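Asks:
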Amino acid sequence: MTPERLKNYVNGAWVEAKTSHELVLDNPASAEIIGKVPISQPEDVEEAARAAQAAFEVWRNTPPTERIQYLFKLKDLLERHFEDISRQVTIEHGKTLNEARGEVRRAIENVEVATGIPSLMQGGILEDIARGIDEYVLRQPLGVCAIISPFNFPCMIPFWFMPYALATGNTVIVKPSEKTPITMGYIFSLMEALDLPPGVINLVHGDATCVKALLEHPLVKAISFVGSTPVARFIYSHGCAHGKRVQAQGGAKNVTVVMPDADLENSIRIIADSAFGNSGQRCLATSLVITIGEVHERFCEKMAETARAYVVGDGLDEKTTMGPVISLESKRRIEGLIQKGINEGAELVVDGRNTVVPGYERGYFIRPTILDGVPWNGEIAHTEIFGPVLGLSNVNTLDEAIARINSMHYGNMACIFTSSGAAARQFRHEVQAGNVGINIGVAAPMAFFPFSGWKESFFGTLHGQSMHAVEFFTQTKVVVERWLKDWTRRF
Ligand code: NAD
257 MTPERLKNYV NGAWVEAKTS HELVLDNPAS AEIIGKVPIS QPEDVEEAAR
307 AAQAAFEVWR NTPPTERIQY LFKLKDLLER HFEDISRQVT IEHGKTLNEA
357 RGEVRRAIEN VEVATGIPSL MQGGILEDIA RGIDEYVLRQ PLGVCAIISP
407 FNFPCMIPFW FMPYALATGN TVIVKPSEKT PITMGYIFSL MEALDLPPGV
457 INLVHGDATC VKALLEHPLV KAISFVGSTP VARFIYSHGC AHGKRVQAQG
507 GAKNVTVVMP DADLENSIRI IADSAFGNSG QRCLATSLVI TIGEVHERFC
557 EKMAETARAY VVGDGLDEKT TMGPVISLES KRRIEGLIQK GINEGAELVV
607 DGRNTVVPGY ERGYFIRPTI LDGVPWNGEI AHTEIFGPVL GLSNVNTLDE
657 AIARINSMHY GNMACIFTSS GAAARQFRHE VQAGNVGINI GVAAPMAFFP
707 FSGWKESFFG TLHGQSMHAV EFFTQTKVVV ERWLKDWTRR F
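Residue numbering for the sequence shown follows our numbering, starting at 257 and increasing by one per position.
1. Between V511 and ligand 1, is the CB less than 6 Å from at least one heavy atom?
2. Among T439, P414 and T436, which has the Cα closest to the Cα of I429?
3. Could you check where the alpha helix (DSSP H) with F409 kicks off and where it finishes?
4. Using a Cβ cut-off of 7 Å (strictly closer), state whether F673 contacts chain C.
5. Between the Cα of M412 and those of P454, A363 and Y666, spot the shortest distance and give me the residue it belongs to.
6. Does the beta carbon of S214 fall short of 6 Å from some heavy atom of ligand 1?
7. Using alpha carbons as the reference points, say which of C556, Y492, D742 and A637 lies closest to E521.
8. List the whole-angstrom C-beta distance separating E359 from F409, where the pair is believed to meet the contact cut-off of C-beta under 8 Å.
9. Taking buried to mean at least 16 other C-beta atoms within 10 Å of its own C-beta, is F683 buried or exposed?
10. List the endpoints of the continuous alpha helix (DSSP H) containing K509.
11. Sorted by chain position, which residues of the same chain lie with C-beta nearer than 6 Å to V314's C-beta, five sequence neighbours on each side aside?
12. Answer yes if the region 391-399 comes into contact with the region 435-446, meaning at least three C-beta pairs across the two stretches below 8 Å, and no otherwise.
13. Is the CB-CB distance between I622 and G462 below 7 Å?
14. Taking three-plus beta-carbon pairs below 8 Å as touching, is the region 665-678 in contact with the region 563-577?
15. Using C-beta distances below 7 Å, list every residue in its chain close to Q344, excluding the 5 sequence neighbours before and after it, in chain order.
16. Which first and last residues belong to the beta strand (DSSP E) in which C671 is found?
17. In angstroms, rounded to a whole number, what distance separates the CA positions of F714 and M702?
18. Among E737, L281 and L572, whose alpha-carbon lies nearest the alpha-carbon of F258?
19. Can you give the Cα-Cα distance for I404 and V476, rounded to whole angstroms?
20. Is L654 buried or exposed, if buried means 16 or more other CB atoms sit within 10 Å of its CB?
21. Please state the DSSP three-state secondary structure of G693.
22. Would you kindly work out how many angstroms separate the C-alpha atoms of Q505 and L327, rounded to a whole number?
23. Can you tell me where the beta strand (DSSP E) holding Y265 begins and where it ends?
24. Short of 6 Å in beta carbon distance, which residues of its chain neighbour G634, apart from the five on each side in sequence? Order them along the chain.
25. Apply the 10 Å Cβ neighbour rule to R395 and answer buried if 16 or more other Cβ atoms are within range, or exposed otherwise.
26. Just the Cα atoms here: how many angstroms apart are K351 and G507?
27. For V613, report the span of its beta strand (DSSP E) as first-last.
28. Taking all protein chains shown into account, do 16 or more other C-beta atoms lie within 10 angstroms of the C-beta of A285, making it buried, or fewer, making it exposed?
29. Any idea which residues DSSP pairs L471 with across the strands?
30. Once you ignore the five residues that flank E383 on each side, which residues in its own chain have a CB closer than 6 Å to its CB?
31. Please determine whether the Cβ atom of P298 lies at a distance below 6 Å from any heavy atom of ligand 1.
32. So does G358 have its beta carbon nearer than 6 Å to some heavy atom of ligand 1?
33. Would you report the Cα separation of D451 and R489, rounded to the nearest angstrom?
34. Confirm, please, whether the CB-CB distance from A469 to V301 is below 7 Å.
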C-alpha cells in the first residue's frame, strides 16, 4: 500500500503542499513505513500566513471569555482521544506508551492553564496619577505566531505555546518536526471539531526551508522555537533581524550530582529514568552524573545493574521499559559518540551498542549504556548525546562539582541527590541552570511555571508556558485617560 502523504491545514481546510519534495516516515521500532511528509515551500507558508492574518482580525475581537470556550472543548477532545494520541506518539517516535501518556498529559495541562487567560491577561490600573487622570495597561495580541517544534515531544511541545497564543487572541501556524509530524496532523484533525474560525490554527509541514520562510515573512510577528542549539541560535538571530519577537529553546547537557548522603537506591532508580527514559531523547535527560567522594563505586555498580535490567523493545508493548531512538542516522551518531568516549579514556561499563530485538531486527535500538570516568576535558563530557548513554565521573567536593557544571556552555537542567538541606541550598543557589532538581531526576516545570533554560540552552527573554507565555504572546498598551465633568472649571 502506498503510504499516505500528510496534508497541510490552512484556512480551515486540508490542502496539498505545493511541492513534490517529500520524506518517508517510518516507525523506529520496526522500520515499517508509516507515511510521507511534504517539504512545504515558501508559497505554502505564504498561503498560511495570509489565512492566519485574515483570521486575526476576527479572532482578536472575539472576547477572551469566548476564546477560552474553545480551549475547554479542546481539553475535552484531548481527554477523549488520550489513548489514540498516546499510541500515535509511540508509533512515530518510539517512546513507550507510558512515556507517551505522560507527554499527552503535559500537553493537556497547558490547555488547562491557558483557560485562565481572562485573569492572566489583566493589566494594572492606577486611578488619579494626576488629579482626574487615570492610567492603565491593556494586553493585546501580536498577530500571526509561528510555532516550530523538535522531534522528541511531537504532542507536548507545540502545546507549550499554542493554547496561550490562541487564548490571548493570536492566530498560529504550527510547523512540527519533519521526523514526527503525524501526531500533530492527527491532533489538528481532532481540532476540526472545535469549529474555530478558519485560519485561526494552521499546520504547515516541512523542514528548514519552511522555517526560513516563516522567519522572514512580514505577516509573522512571533516565533516560538524548540530544538537543537545551533538551530535555536540561528532562529533567534535571523528572526530578530527580521523584526520578530523570538523565544528559542535549545539543546542541553544535563549534570546530576550524587552526594555521599543520598538515598542511593531511590536516587539510582530516579536517575536511571532521567538518563534512559524516552531513550535519552529528552532535553531534560541526565547525561552525566558527578558523584562526590566514596559513593562512586557503589553508585556505578548499582546503576550498571539497573541499566542492564531495562526491557528494550517496541513501545506499544506494555512490558517494554525503553523504546528505540528516532532513526538509523541517530543510532549511528550515538554509537559513534560512545566510541568517542572510549577513545577519550572512559571505561565502557555497560555497552548498549549492536542491540537486536527479536521480531524487530530492523528497529533503531540501543540499550542503556554507561561510560565511567568520563574525562572532563574530553568532547564527550560537553556534547549533547541525545541517546540512552550515561557518563559518570567523580570529584571530592560539591564545590568542584558546581564549578564543573558552571563551566559548561549549556544550562538547561542540573540536579542534586542528597539528604542535606545545606548542600541542596548551596546547589540551588549557585548552579547555572534554568531548571533545578533536588532529589528529582527530570526537573520539568508544570504548565503554570516557565520552562526556563540558561546559557546556550535558551535564546530570548520570555520562556514557554505560564505567565511567560502570556507576556510573550501579548504586547502592552498603556492608556492615560482624562474624563472631566466640567472642562471649563478645571482649566
Ligand atoms: P532540530 O534543531 O534538528 O530541529 C528542530 C526544528 O528545527 C525542526 O522543526 C526542524 O525542521 C527545524 N530545523 C532543523 N534544522 C534547521 C535549520 N537549519 N534551519 C531552520 N530550521 C531548522 O532538533 P531535533 O533533532 O528535532 O530535536 C532535538 C533537539 O531539541 C535536542 O538538541 C534537544 O535538546 C532539543 N530540545 C530542547 C528542548 C528545550 O526545552 N530546551 C526541548 C526538547 C528538545
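Positions of the beta carbon are idealized from the N, C-alpha and C atoms, including for glycine.
In this text the structure is predicted, and so the values were computed from the model without any measurement.
Replies: Per the coordinate set shown:
1. By 1-based counting over the sequence shown, the position of residue 511 is 255. Checking every heavy atom of ligand 1 against the Cβ of V511, none is found closer than 6 Å.
2. To locate residue 429, count along the sequence shown from 1; it is residue 173. Residue P414 is the option with its Cα nearest to I429.
3. Along the sequence shown, read from residue 1 onward, the residue named residue 409 stands at position 153. Unbroken run through F409: none, as it is neither H nor E.
4. In the structure shown, chain C cannot be found, because there is only a single protein chain.
5. In the sequence shown, counting from the first residue as 1, residue 412 sits at position 156. The shortest Cα separation from M412 among P454, A363 and Y666 belongs to A363.
6. Since the first residue of the chain shown is 257 and the last is 747, residue 214 is not available in this structure.
7. For the purposes of this step, residue 521 is identified with residue 265 of the sequence shown, where counting begins at 1. Of the candidates C556, Y492, D742 and A637, the one whose C-alpha sits nearest the C-alpha of E521 is C556.
8. As a position in the sequence shown, residue 359 is number 103, starting the count at 1. As a position in the sequence shown, residue 409 is number 153, starting the count at 1. Right, the Cβ-Cβ distance comes to about 5 Å (below 8 Å), so this counts as a contact.
9. For this step, residue 683 is matched to residue 427 along the sequence shown. Classification for F683: buried.
10. Numbered from its first residue, the sequence shown carries residue 509 at position 253. Here K509 belongs to no alpha helix (DSSP H), and DSSP marks it neither H nor E.
11. For the purposes of this step, residue 314 is taken as residue 58 along the sequence shown, with counting starting at 1. Counting only Cβ-Cβ distances below 6 Å, and skipping sequence neighbours, we find P453.
12. no
13. Numbered from 1 along the sequence shown, position 366 holds the residue referred to as residue 622. Numbered from 1 along the sequence shown, position 206 holds the residue referred to as residue 462. No.
14. no
15. As a working mapping, residue 344 is identified with position 88 in the sequence shown. Hits under 7 Å: I438, T439 and Y442.
16. By one-based count along the sequence shown, residue 671 stands at place 415. Where C671 is concerned, the enclosing beta strand (DSSP E) stretches over M669 to F673.
17. For the purposes of this step, residue 714 is taken as the residue at position 458 of the sequence shown. For the purposes of this step, residue 702 is taken as the residue at position 446 of the sequence shown. Roughly 18 Å between the two C-alpha positions.
18. Reading the sequence shown from its first residue, position 2 is the one you call residue 258. Residue identity differs from the one stated: residue 258 is Thr in this sequence, not Phe. Ranking E737, L281 and L572 by Cα distance to T258 puts L281 first.
19. Position 148 of the sequence shown holds residue 404. Position 220 of the sequence shown holds residue 476. Taking the straight line from one Cα to the other gives about 13 Å.
20. In the sequence shown, residue 654 corresponds to position 398, counting from 1. Flag for L654 reads buried.
21. The residue you call residue 693 lines up with position 437 of the sequence shown. In this structure, G693 counts as strand in the three-state DSSP scheme.
22. The count along the sequence shown starts at 1 and reaches residue 505 at position 249. The count along the sequence shown starts at 1 and reaches residue 327 at position 71. Roughly 25 Å between the two C-alpha positions.
23. Along the sequence shown, read from residue 1 onward, the residue named residue 265 stands at position 9. Counting along the chain, the beta strand (DSSP E) containing Y265 begins and ends at N264 to V266.
24. In the sequence shown, residue 634 corresponds to position 378, counting from 1. Only E600 meet the Cβ criterion.
25. Residue mapping note: residue 395 aligns to position 139 of the sequence shown, counting from 1. So R395 ends up on the buried side.
26. For the purposes of this step, residue 351 is taken as the residue at position 95 of the sequence shown. For the purposes of this step, residue 507 is taken as the residue at position 251 of the sequence shown. C-alpha separation (whole angstroms): 19 Å.
27. Counting from one through the sequence shown, the residue named residue 613 turns up at place 357. First-last for V613: undefined, no H or E at that position.
28. What you label residue 285 is simply residue 29 of the sequence shown in a count that begins at 1. With 16 or more Cβ atoms within 10 Å of its Cβ, A285 is classed as buried.
29. One-based indexing of the sequence shown puts residue 471 at position 215. According to DSSP, which records beta bridges pairwise, L471 is partnered with nothing at all.
30. Stepping through the sequence shown from its first residue, residue 383 is reached at position 127. Taken in chain order, the residues that qualify are D390.
31. By 1-based counting over the sequence shown, the position of residue 298 is 42. No.
32. Sequence index remark: in the sequence shown, residue 358 carries index 102 (1-based). The answer is no for G358.
33. Start at 1 with the first residue of the sequence shown, and residue 451 comes out as number 195. Start at 1 with the first residue of the sequence shown, and residue 489 comes out as number 233. When rounded, the distance between both Cα atoms is 37 Å.
34. As a working note, residue 301 is residue 45 in the sequence shown. As a working note, residue 469 is residue 213 in the sequence shown. Cβ atoms of V301 and A469: closer than 7 Å.
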